[in-house]
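Asker: My structure is below; once you've seen it, I'll send some questions.
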Amino acid sequence: MTNKLPSWARELLARNPEATTPTPEDPMPAWLEAEFARVPLWARIRGTDDIRQHHPYLLIEDVRSQPDLMRHVLELRSELAALAHRLIEQGIRHLVFTGCGSAFNGAQFGSFLCRQWTGWTTESHESLEFTNHWAQGHEPTAVILQSATGASIETLDAARHAADLGVLTVSMTNTQGSVLEELCDEGICFPTGQRCGPDVSVLTTRLVLLYLLALEVGVSTGTLSAHEADALGHAIGQLPDAAAQFLQEEDLNVSQIANALKDQRALMMVGGGL
Numbered sequence: 000m001t002n003k004l005p006s007w008a009r010e011l012l013a014r015n016p017e018a019t020t021p022t023p024e025d026p027m028p029a030w031l032e033a034e035f036a037r038v039p040l041w042a043r044i045r046g047t048d049d050i051r052q053h054h055p056y057l058l059i060e061d062v063r064s065q066p067d068l069m070r071h072v073l074e075l076r077s078e079l080a081a082l083a084h085r086l087i088e089q090g091i092r093h094l095v096f097t098g099c100g101s102a103f104n105g106a107q108f109g110s111f112l113c114r115q116w117t118g119w120t121t122e123s124h125e126s127l128e129f130t131n132h133w134a135q136g137h138e139p140t141a142v143i144l145q146s147a148t149g150a151s152i153e154t155l156d157a158a159r160h161a162a163d164l165g166v167l168t169v170s171m172t173n174t175q176g177s178v179l180e181e182l183c184d185e186g187i188c189f190p191t192g193q194r195c196g197p198d199v200s201v202l203t204t205r206l207v208l209l210y211l212l213a214l215e216v217g218v219s220t221g222t223l224s225a226h227e228a229d230a231l232g233h234a235i236g237q238l239p240d241a242a243a244q245f246l247q248e249e250d251l252n253v254s255q256i257a258n259a260l261k262d263q264r265a266l267m268m269v270g271g272g273l
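In numbering that gives the first Met the number 0, the protein residues as written are 0 to 273.
Right, here's the structure in full:
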């Protein structure tokens, strides 16, 4: 069972060989609670020693790093073009996108985008739903699995399930050398150096990866005309500047809103769609 655990969990158990293993009845033994009090769970998952428990938190640095990270993602366009060509050469005509947490939101976005730009059929499923309920069709299919750490247990199970079905698998991660990369036939990775739990840059950088992959498949299949491809490529190239402009113009406004809400004990967030 432990071979299915992410590396940080295996290392933690190895350092405490005599400790009681967590169970559904006792998921947080005293020793484990003490370990997490010393080093937070998110720091272990991210593999970082940079732990900050005061303002300014790591998250604000991550938010402000997004424009530069997105610019670097654009440099991977040739790699994504090569991946698009390999998918086409292998006869792929159907894409399944999966992930859990925010990666599932990215899967929904990827499914919608590729349906519009590639001429292929697409679908998206949360990782557990994919593993337990996906019905394989007859079209040549690739499964694109997203995970920031490449260690989400549900998504690793989804990759194994797809492999058992003989379906081509493609990982899309933000951590090099991850288990998900090892499990998948193909992969694209953009390391963000995430250091905090709610790391927003992993989502925005993968959205740019999805834009570029959809664009390159659309170009290679001829679904997008040269004019459309040029216009879309130009628009994608403007995304980092748009993010930078937003941060520059709205930073003070957002800070003022945050200060007004700082003493609230709970917030209800309401929205629609993604």
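Beta carbons are placed, not taken as given, at the ideal position from N, Cα and C, and that holds for glycine.
Given the structure is predicted, the values throughout are model-derived calculations rather than measurements.
Is it true that the CB of Q65 sits closer than 8 Å to the CB of T203?
Answerer: Going by C-beta atoms, T203 is nearer than 8 Å to Q65.
Asker: Quick one: what does DSSP say V201 is sitting in, helix, strand or coil?
Answerer: V201 falls in the helix class under three-state DSSP.
Asker: Is the distance from the Cβ of V142 to the Cβ of T97 below 8 Å?
Answerer: Against a cut-off of 8 Å, the Cβ pair of T97 and V142 comes out as a contact.
Asker: Tell me which residues share the same chain as P5 and place their Cβ nearer than 6 Å to its Cβ, disregarding the 5 neighbours each side in the sequence.
Answerer: Correct list, in chain order: A150.
Asker: Q193: which of A36, A8, L12 and D48 sits nearest, CA to CA?
Answerer: Out of A36, A8, L12 and D48, D48 has the C-alpha closest to the C-alpha of Q193.
Asker: Let's see if you can read the secondary structure: which residues bound the beta strand (DSSP E) around A157?
Answerer: Per DSSP, A157 belongs to no beta strand (DSSP E); it is in the alpha helix (DSSP H), I152 to D163.
Asker: Quick check: the Cα distance between T148 and R45, rounded to an integer number of angstroms?
Answerer: Answer to the nearest angstrom: the Cα atoms are 7 Å apart.
Asker: Could you tell me whether the segment 48-63 touches the segment 19-31, where touching means 3 or more Cβ pairs closer than 8 Å?
Answerer: Verdict: no, contact absent.
Asker: Expressed to the nearest angstrom, what Euclidean distance is found between the alpha-carbon atoms of L82 and R205?
Answerer: Computed Cα separation, rounded: 15 Å.
Asker: Report the CB separation of L211 from L79 in whole angstroms; it is logged as a contact under 8 Å.
Answerer: L211 to L79, Cβ: 5 Å. Contact.
Asker: Can you name, in chain order, every residue of its own chain whose Cβ lies under 6 Å from the Cβ of V218, other than the five neighbours on each side?
Answerer: Result list for V218: A228, in chain order.
Asker: Assuming S126 and A157 are in contact, meaning their beta carbons sit under 8 Å apart, how far apart are those beta carbons, in whole angstroms?
Answerer: Their Cβ separation, rounded to whole angstroms, is 4 Å, which keeps S126 and A157 in contact under 8 Å.
Asker: If I'm right that L179 touches S146 with Cβ under 8 Å, what's the distance once you round it to whole angstroms?
Answerer: With 8 Å as the limit, L179 and S146 qualify as a contact, their Cβ atoms being about 5 Å apart.
Asker: List the whole-angstrom C-beta distance separating V199 from V62, where the pair is believed to meet the contact cut-off of C-beta under 8 Å.
Answerer: Confirmed, about 6 Å.
Asker: The alpha helix (DSSP H) with V178 in it runs from where to where?
Answerer: V178 -> alpha helix (DSSP H) spans V178 to L182.
Asker: Nearest to E10 by CA position, among P28, A29, R43 and M27, is which residue?
Answerer: When only C-alpha atoms are compared, the closest one is R43.
Asker: Report yes if the C-beta distance between F189 and L94 is below 8 Å; otherwise report no.
Answerer: Taking 8 Å as the Cβ cut-off, F189 and L94 do not qualify as a contacting pair.
Asker: Exposed or buried, which one is F245 when buried takes at least 16 other CB atoms within 10 Å?
Answerer: Exposed.
Asker: With distances taken Cα to Cα, identify the nearest neighbour of G118 among R159, L223 and D163.
Answerer: Comparing Cα-Cα distances from G118 to each of R159, L223 and D163, the minimum goes to L223.
Asker: Quick one: Cα of L31 to Cα of R14, how far?
Answerer: Rounded to the nearest angstrom, the two C-alpha atoms are 11 Å apart.
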